[in-house]
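Quick notes on the structure that follows.
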Amino acid sequence: MTQELDPRLVSIIKAVKGRKAENIKVLDVRELTSYTDVFILASARSTRQAAAIGEYIKVELKKEEISPITVDGLSEGSWVLLDYGDVIVHVFYDETRDYYDLDGLWADAVVIDHEGIE
């Protein structure tokens with residue numbers, strides 16, 4: 023890793039990676055918005071997998087006493103949102119991610135290197 027990351031952010035990234043989420047992008051949005059610091063975008067191959075990834079993230083982080091402010095979309099699974107305040111996790115079914123294009127919307131954000139986190 024090229025930068026030192028907050029341990030809480032590292033825990034959240036590990037949880038996202040723990041259920042085989044794909045195309046994970048971690049974006050530093052502090053300079054672009056006031057309501058959060060980091061977006062984590064991840065994809066799933068089905069709505070069922072997206073919901074399973076979202077549930078896994080919630081359960082794994084609860085073990086570390088990290089609880090979301092809100093969770094939305096678990097029952098539908100096309101776009102699961104877990105709001106941890108300074109970090110917001112978006113887990114998308116592939117087609118939904120393409121449709122809403124948050125990657126494009128937040129293209130000016132700094133990409134945080136997460137490759138060394140497992």
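When we follow our numbering, the leftmost residue of the sequence shown carries the number 23, and every step to the right adds one.
Ideal Cβ positions, reconstructed from N, Cα and C, are used throughout, including at glycine.
Out of the options, point me to the one whose CA is closest to residue i's CA.
i   : options               : result
K47 : S56, R41, F61, E98    : F61
T58 : E117, V109, T92, G138 : V109
P90 : G99, S100, E77        : E77
Given residue i, which residues of its chain have a CB within under 6 Å of its CB, disregarding the five upstream and five downstream residues?
i   : result
I75 : R41, A43, A66, V113
N45 : S65
Kindly indicate which three-state DSSP category residue i falls into: helix, strand or coil?
i    : result
A64  : strand
E82  : helix
M23  : Note that M23 scores 38 on pLDDT, short of 50, meaning its location in the model is unreliable and no value can be drawn from it.
T55  : coil
K36  : helix
I75  : helix
D120 : helix
L96  : coil
So residue i packs on residue j, CB below 8 Å; how close in whole Å?
i    : j   : result
Y115 : A72 : 5 Å
G99  : R70 : 6 Å
Please list, in chain order, all residues of the same chain as residue i whose beta carbon is under 8 Å from its beta carbon, the five residues on each side excluded.
i   : result
L49 : V60, F61, I62, L63, W128, A131, V132, V133, I134
S97 : A73
T24 : Confidence is the limiting factor: at T24 the pLDDT is only 44, short of 50, which leaves the residue's position unreliable, though a coordinate-based value still follows. Excluding positions up to five away in sequence, the list reads D135.
L54 : W128, D130, A131
Short of 7 Å in beta carbon distance, which residues of its chain neighbour residue i, apart from the five on each side in sequence? Order them along the chain.
i   : result
S33 : L83, E86, I88
I79 : A37, V38, L104, V111
L31 : V60, V109
S68 : Y115
I want to check one thing, is the minimum distance from the CB of residue i to the heavy atoms of the ligand NAD below 7 Å?
i   : result
S65 : In terms of ligand content, the structure shown is empty, and the ligand NAD therefore cannot be addressed.
Under the DSSP definition of a beta bridge, which residues are partnered with residue i?
i    : result
Y115 : A66
W128 : DSSP output for W128 lists no bridge partner at all.
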